[in-house]
Structures are given as structure tokens and as C-alpha cells.
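Read left to right, the sequence shown gives residues 30 to 269 (our numbering). This report concerns only the one structure given below.
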Amino acid sequence: MLVKTESIVIRNIRYNDSSIIVQMYTRELGRQSFFVTLSKNRKSAIKAAFFQPMFILNIEADVKQGRELQRIREVHIDTPYSDIPFNIKKNTTTLFLSEMLGKSLQEESQDIDLFDFIKTGMTYFDVLEKNIADFHLAFLIKLTRYLGFGPVRTSSPQEYLDFIEGKFSDHAPVHGFSALNHSAGYFNNCMTLPYNKLNDLQLTNQQRATILEDILTYYKIHLPGFTGLHSLDILREVFK
30 MLVKTESIVI RNIRYNDSSI IVQMYTRELG RQSFFVTLSK NRKSAIKAAF FQPMFILNIE
90 ADVKQGRELQ RIREVHIDTP YSDIPFNIKK NTTTLFLSEM LGKSLQEESQ DIDLFDFIKT
150 GMTYFDVLEK NIADFHLAFL IKLTRYLGFG PVRTSSPQEY LDFIEGKFSD HAPVHGFSAL
210 NHSAGYFNNC MTLPYNKLND LQLTNQQRAT ILEDILTYYK IHLPGFTGLH SLDILREVFK
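Written out as C-alpha cells, the structure reads:
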């Protein structure tokens, strides 16, 4: 059947000179992989440039249940980015987030709230002028709620976040997997803090590095098979 849906590109893989395989998170179908035939004709409606990581598209696809690769018939850019493709810090962050989503989004079933969260976040990030270095931290912390393992927020400051239980506490867990002090507080605040209030949470480069390591540890604990990230070293280099 033909399905029209908004889609967010996770990654693309070159299949041959005229075809690519694109992994996307769609609003109607959840995570799907698509076989895309490209044309060298400049007037072709399907261009390789559309399928950059985290681009937001409108697609029409031929979808068959049980088929490993669906086929795209038409594609248009839904929300053009004005800054991400041209800003090295934003572009690097976008590549990192697309890799994180590729390792985190396992479900093929529809999750409109999750799709809208990603789309809204990336649209905001494109026009963000301040605190660019903090966006990926807040995005990934907020994402945990949609993935089903978000920490249980507390109204009073606590010194530790137990990574296994996903709860804040005033004492260190015996297993040792926890965030503490400033990092724990950042987790707690970011669960509900709007992106436009990130400036209220001033961070040093060392604090950012610690929080990012804690986020990655938290994801590894809650996502079996979560492995290394190719884009992580580049992200660190850009923001050091």
C-alpha cells in the first residue's frame, strides 16, 4: 500500500552508484528502512542530498508488511534547515544525535509523541543561537522519557542519580553506577526544563564532558547492545 508520512533520516548507506538504503524514523510507521533509487538527472524529484542525517522529509512509500526494505516513490523536504548544514558545531552535533538515535530507536511501531519530540527539538536546534554545546545533552536526557527509561524526577535536590533504578537519592548506590552532584542535578532539571531555558544552567567544559559520559553510561545500562559511537571523538574535538 502507498503511505504518506513525515520522516526523519537516521542514516543512509550507499548500495551502489544509483541506489542507497535509508534508515528513517517515520511518524506513521515508526522506524523503517527504505531502498531509494537515485537518478543522475538534475530534474529528478529524488535527490541524494535529501537524505542527510536528521533531515525532516515528507515521503510517499510503497509499504508491504514483512518486507525488509520499503520503497520510496516521492520525497520532499518538510522542514528545510537554515543553519545546521552550514554550522560546523550544529552539523557535528546532528551527526552525533543521528547515530545515538540509530542505536536507540528499536521499535517499528508508531510513536507519534516520540516523532514529534525529535522533530520539534531539531527544528528548535536549527535556529538556536546560544548554548549550542548544551543542546545534545538536554535532548538525550529528555529522550530517555520517550524511550521508557527516563529518571523519576524529584522536586528536591538530591546528590545522586542511581543509573540502574533511574531514581535520585541522597546516598550513593552500592553498585556504583550513578551520577553525582552537578551531573545529577542537570539530569533532574533537564527532564522538564524547556530548551529556551538552557541558559539558566551554566556549564563548564569539564561539566559538559562529565554529563555526556554519564548520559552514555545511562544509555548503555538501559539499552542492551548499545555499542561505541563513531562520531563521539569528533563531537569532543569540536566542543573542547
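Ideal Cβ placement from N, Cα and C applies to all residues, glycine included. This one's a predicted model, so the numbers in the text were calculated from it and none came from an experiment.
Proximity of the region 250-260 to the region 117-133 meets the contact definition, three or more beta-carbon pairs being nearer than 8 Å. Ranked by how close their Cα comes to the Cα of Val104, the residues Gln135, Asn225, Ala78, Glu89 have Glu89 in first place. For Ser198, the uninterrupted beta strand (DSSP E) run begins and ends at 196-198, by DSSP. The Cβ atoms of Arg56 and Ile39 lie no closer than 9 Å to each other. Under the three-state reduction of DSSP, Gln235 is assigned to helix. Within the model, the alpha-carbon separation for His211 versus Asp243 is close to 11 Å. The beta carbon of Met30 lies closer than 8 Å to those of Asp91, Val92, Lys93 in the same chain, with the five residues before and after it left out. Annotation: Gly179 to Phe164 spans about 17 Å, alpha carbon to alpha carbon. Runs of the alpha helix (DSSP H) lying entirely within the region 166-246, each at least 4 residues long, are 210-219 in chain order. Judged by beta-carbon spacing, Asp107 lies within the 9 Å limit of Ile85, meaning their Cβ atoms are closer than that value. Segment contact: the region 132-150 against the region 165-173, three or more CB-CB distances shorter than 8 Å; contact assigned. A distance of 9 Å or more separates the beta carbons of Tyr215 and Pro202. Comparing alpha carbon positions, the residue from Ala238, Ile161, Leu264 closest to Asn225 is Ile161. Considering only Gly195, Ile193, Phe64, Gln81, the residue with the shortest C-alpha distance to Thr121 is Gln81. Taken atom to atom, the span from the alpha-carbon of Val32 to that of Met83 is near 20 Å.
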